[in-house]
Each structure stands twice: as C-alpha cells, then as structure tokens.
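See below for the structure under consideration.
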Amino acid sequence: GKLPMTWYPQEYLTNLPMTDMAMRSNPSKGYPGRTYRFYEGPVVYPFGHGLTYTSFTHTIASAPTVFSVPLDGHRASNSSVSGKAIKVTHTRCSRLSLGLQIDVKNTGLRDGTHTVLVFSRPPGGQWAPRRQLVAFERVHVPAGGLQRVGVNIHVCKYLSVVDRSGIRRIPMGEHNLHIGDISHSVSLQAAILGVIKS
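Our numbering numbers the first residue of the sequence shown as 46 and each following residue consecutively.
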C-alpha cells in the first residue's frame with residue numbers, strides 16, 4: 046500500500062501551533078505549510094511512500110507535450126484569462142481530459158502489485174501547490190514483466206488552482222507531471238475562437 050499522508054518529523058509537531066490551520070507555507074513567519082501539497086521541509090516518510098517485495102520502474106509510453114484548453118468565445122475577456130490562468134467556469138470542461146500511457150516494469154524477482162501515482166507541479170505562482178496528486182492506477186506486474194497503464198487527468202478538476210479571490214483557474218504554461226523518478230512537461234494553452242494564446 047501507499048501512505049495516505051505525510052509523516053512529519055517530531056520537531057514539526059513540537060514547533061508548530063496546532064491553532065494555525067493555514068495550508069500554504071509562509072517563510073517570513075517560519076511556517077512550513079501543511080500536507081504534501083504545500084509543506085516545505087524534511088519528512089520521515091513522504092505522502093505516497095510504500096513498501097514492496099519487488100521493484101518497479103516507469104517509462105512514459107505516450108503523452109502530449111501541448112494541450113489546448115478551449116475557452117468559450119463569448120466569455121473571452123480580461124477576467125477569463127487573468128495572470129495567464131483561465132477561469133474554470135469559462136472553459137468547456139466536460140470532456141477536457143489529458144491522457145497518458147505509462148509502462149510499468151517489474152525489475153525484481155517476485156510478482157507484485159504497484160500503484161502508479163501521477164503528481165502535477167503547476168506553473169509557479171503564489172497560490173499554486175508545490176505538487177498535487179492528479180491520477181493513480183493500480184497494476185499487477187509479474188516478475189520481469191511489463192504492463193502498460195493508461196491514466197486520464199481531468200484538466201478542470203486536477204490541473205486547476207484556486208486564486209486569492211477563491212476563483213478556480215487553470216494556469217497556462219508548463220505543467221510538470223511526475224511519476225516516480227521520471228517527469229514529463231505538458232504546455233497548456235488557451236484556445237480562443239480557434240486562435241491559440243499562450
């Protein structure tokens with residue numbers, strides 16, 4: 046299995062007031078943040094850590110490098126695309142899914158089951174998380190074998206962030222997807238009335 050939380054060191058609990066429930070880190074106050082999405086500091090075990098009797102490697106078999114996010118033309122305004130991010134409510138979200146194919150190889154001597162975790166690191170921004178779990182898929186791989194796993198990432202749900210005003214937006218630009226030790230960059234671009242704006 047995989048650890049469903051971050052296991053913090055003892056100092057974290059000793060030095061951090063439990064009355065402060067802010068999620069994002071604040072270096073000026075010495076506040077490291079909370080949860081794997083925002084915490085910046087040492088850990089005993091990270092979110093998603095797991096034990097196994099074998100070992101696995103990942104390879105990206107196919108993934109887009111550019112992905113167009115359609116913006117309703119009648120809603121294209123300065124408020125729709127603000128700070129290089131699109132309001133989720135102004136996009137066509139119902140079928141907006143980014144697909145990846147990942148090859149999982151069992152490099153050990155025993156059969157094993159593995160959960161592929163896909164994390165996203167959005168383009169920099171004060172309100173963006175450090176990383177966020179955007180997809181996962183469990184797969185059984187025999188010793189020495191290889192299995193291809195397909196995952197679909199719903200762009201509006203999982204590649205969006207909430208801005209200072211509480212509005213959910215999809216940041217345009219490079220989103221880095223991390224699967225184990227490998228990463229892949231996807232550039233999200235706004236498509237307005239058939240014209241692509243990045």
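Ideal Cβ placement from N, Cα and C applies to all residues, glycine included.
**Prompt:** Over what stretch of residues does the beta strand (DSSP E) that includes Phe83 continue unbroken?
**Reply:** Phe83 -> not in any beta strand (DSSP E); alpha helix (DSSP H) instead, spanning Thr80 to Phe83.
**Message:** Whether or not the segment 203-219 and the segment 91-106 are in contact is what I'm after, with contact meaning three or more pairs of Cβ atoms, one per stretch, closer than 8 Å; do they touch?
**Reply:** Taking 8 Å as the limit for Cβ pairs, the verdict is that the segment 203-219 does not touch the segment 91-106.
**Prompt:** With 16 other CB atoms within 10 Å as the buried threshold, where does Gly195 fall?
**Reply:** By the neighbour-count rule (16 or more Cβ atoms within 10 Å), Gly195 is not buried but exposed.
**Request:** Determine the closest residue to Ala180 out of His199, Pro187 and Ala173, with distance taken between C-alpha atoms.
**Result:** Closest option to Ala180, Cα to Cα, is His199.
**Prompt:** Counting only beta-carbon atoms, is Ala173 nearer than 8 Å to chain C?
**Reply:** Annotation note: the requested chain C is absent from the structure, which comprises a single protein chain.
**Prompt:** With distances taken between CB atoms, is the gap from Leu178 to Leu162 smaller than 8 Å?
**Reply:** One thing to note: Leu178 has its Cβ within 8 Å of the Cβ of Leu162.
**Request:** Could you name the residues of the same chain whose beta carbon sits closer than 7 Å to that of Asn151, not counting the 5 residues immediately before and after it, in chain order?
**Result:** Excluding five sequence positions before and after Asn151, the CB atoms of its chain that fall closer than 7 Å to its own CB belong to Thr99, Phe101, Gly157, Val186, Pro187, Ala188, Gly189 and Gly190, given in chain order.
**Item:** Run of the beta strand (DSSP E) containing Ala158, from where it starts to where it stops
**Value:** The amino acid at residue 158 is misidentified as Ala; the sequence shows Thr. Per DSSP, Thr158 belongs to the beta strand (DSSP E) from Gly157 to Arg166.
**Prompt:** Which two residues bound the contiguous beta strand (DSSP E) that contains Gly132?
**Reply:** Here residue 132 is Lys; the residue named in the question, Gly, does not match the sequence. Unbroken beta strand (DSSP E) run through Lys132: Ala130 to Lys132.
**Item:** Contiguous beta strand (DSSP E) assignments of at least 3 residues, all confined to the segment 198-237
**Value:** Here the runs fully enclosed are 213-216, 218-224 and 227-237.
**Request:** Would you mind working out which of Tyr203, Phe83, Ser210 and Ala108 sits nearest Met68, comparing C-alpha positions?
**Result:** Closest option to Met68, Cα to Cα, is Phe83.
**Asked** Any idea if Pro87 is buried or exposed, counting beta-carbon neighbours within 10 angstroms, 16 or more meaning buried?
**Response** Within 10 angstroms of the beta-carbon of Pro87 lie fewer than 16 other beta-carbons, which makes it exposed.
**Prompt:** In or out: Gly75 buried (at least 16 other Cβ within 10 Å) or exposed?
**Reply:** Around the CB of Gly75, fewer than 16 other CB atoms lie within 10 Å, so the residue is classed as exposed.
**Item:** Rounded C-alpha distance that separates Ser243 from Asn60
**Value:** Note on Ser243: pLDDT 48, under 50, position unreliable in the model; the coordinate value appears next. Spanning the two alpha carbons is a distance of roughly 43 Å.
**Local conformation of Thr64 per DSSP, three classes** = It is coil, neither helix nor strand.
**Prompt:** Once you ignore the five residues that flank Val207 on each side, which residues in its own chain have a CB closer than 7 Å to its CB?
**Reply:** If we look at Val207 and ignore the five residues flanking it on each side, its Cβ neighbours are Trp172 and Arg213.
**Asked** Quick one: Cα of Asp65 to Cα of Ser73, how far?
**Response** Each residue's Cα considered, the two are about 15 Å apart.
**Prompt:** DSSP beta-bridge partners for Gly195?
**Reply:** Per DSSP, Gln146.
**Item:** Close-in-space but distant-in-sequence residues of the same chain around Cys138 (CB under 6 Å, 5 per side omitted)
**Value:** Closer than 6 Å at the Cβ level, and outside the excluded window around Cys138, lie Cys201.
**Asked** Val149 and Val114: beta carbons closer than 8 Å?
**Response** With a cutoff of 8 Å on beta-carbon distance, Val149 and Val114 are scored as not near each other.
**Message:** Does Leu58 pass the burial test, meaning 16 or more other C-beta atoms within 10 Å, or should it be called exposed?
**Reply:** Counting other Cβ atoms within 10 Å of its Cβ, Leu58 stays below 16 and is therefore classed as exposed.
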